[in-house]
Structure formats: structure tokens, C-alpha cells
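Just so we're on the same page, my numbering is the position in the sequence shown counted from 1, plus 357. Ideal Cβ placement from N, Cα and C applies to all residues, glycine included. Notes for the one structure printed next.
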Amino acid sequence: MTIESTAASQDKRVRRSRAALMRAAIALVSERGTAAIAISEIADAADVSRPVLYQHFGDRDTLLLESALDLVERELLPRIADPDHDVTSHGRALALARHFADHRAFYRAMLTSSCGFALNRALSGLFIPVNRQLVQRAFGDTLDPQSADDLARFLTGAGAAFVNTWVIEGADPLDPEEFTDRHMRMLPLATAALRHSTTRHDMEPDT
């Protein structure tokens, strides 16, 4: 066996262990409805040792956070962030709503745990580039780069508050179609208000 094949085999084991731990973390949090899961339980469910868990993630909160981000990156972002994929605004909103509804138990437990702030911040980092694309499509070159970036961050924060409230407080079972309708009613209102604000700002004389 060559050094290269040995390294490749080790890399596969690392990926398998990480994937098993993240699957176990998501399953246990979803089942229990809480992020307060013992590290030993997650390790047992993943069929790995506690030292392996610590080696890959360091602590439980890091494992839970990375599990949530991996879930979004695998299941949601490919459906809403591919610029070459012809998806309507309604299609993106519905895909997002269905994702959070499908994994409601996991996200609700995470958002109401000690990981909540870190999760919101990390998810914002994933969604800001998506919203930058949407801002570019909506406003083109009418906004300077700083304003476009600020608007993308503003929309990301507002969207996070909207989704988080629905996931945490919405009646069971969550209705993705109804939430998407609410989302779509807000978009033209927000866009019109932003365009009006931009136009007024451009027309105001410098003082």
C-alpha cells in the first residue's frame, strides 16, 4: 500500500466519522427536541468513540453548529443559490420554507439553545451571498457596492427574524405554502419601499 493510498483511506474514514457524527447529532436533537444531548450519546449513536468526536469537532456545540450548516449546505443552498438554475422567487421561498418545516424540530431546538446566536450568525454568512445576487438582479447598478452589500445584510437579518419566529412559534404542523404566500406578499412591499427611498435620496440636493 502506498503513502497516497493510505492517506486516501484515512481521509475516507475521517469523512465517514464526521458524517456519522453529524447525522447522529441531527437525529438526536430532532428526536429529543433539545440541543442538550450528552456527547457520549451522540458518539454512541454514531458508533464512534468520544475521543474521535473531540478530535473532529472539539466540543458538542461546535458539532451541533457544523451539523446545522452542513444540513443547509447539502439540502437547501443548492436549491436556492445556483445562479444557473432558473428558479423563481416563489420557488426559492417555497424551497426555504419546506426545508425549515421538514427539519423544524432540529432548528427550533437549536435556535432556542445556547447555540442560537452562533447559528444565526453562521447562517447569515451563508445567505448574505444569495441575497447579494437578488439585490443585484433587482437594482442592477443603481446602488453603489456598499449600499448593495448593506441591503443584502439587512434583508438577511430581516429574513432570519421572519423565519425564526415561524419555526419557533408557528402552529404545528408548519405550513410551508402559507408561509411562502406571506413571504411573497412582503417582497413587493419591501422592494417598492426601497426603490422609493433610493429615488428620494438621489433627488435630494446636497447640503
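Between the alpha carbons of E534 and G390 lies a gap of roughly 24 Å. Secondary structure note for I396: its alpha helix (DSSP H) is the uninterrupted segment I396 to A403. By the C-beta density criterion, S424 is buried, having at least 16 other C-beta atoms within 10 angstroms. Contact between the segment 412 to 427 and the segment 465 to 481 is present: three or more C-beta pairs spanning the two stretches fall below 8 Å. Counted as a single uninterrupted DSSP element, the alpha helix (DSSP H) harbouring A462 occupies residues R461 to L468. Fewer than three Cβ pairs drawn from the segment 493 to 500 and the segment 511 to 531 lie within less than 8 Å of each other, which leaves the two stretches out of contact. Taking a cut-off of 8 Å on C-beta distances, the segment 447 to 464 does not touch the segment 394 to 408, as fewer than three cross pairs fall below it. Inclusion of L428 and L378 in the CB contact set at 7 Å is not warranted, their separation being larger than that value.
By the CB criterion at 7 Å, F484 and T513 fall inside the cutoff. Within the model, the alpha-carbon separation for R431 versus F463 is close to 16 Å. Within 10 angstroms of the beta-carbon of V386 lie 16 or more other beta-carbons, which makes it buried. For V487, the uninterrupted alpha helix (DSSP H) segment begins and ends at G473 to F496. In this structure V524 is in contact with L468, their Cβ atoms being roughly 7 Å apart against a cut-off of 8 Å.
Shown here, T513 sits in a helix according to DSSP, grouped into three states.
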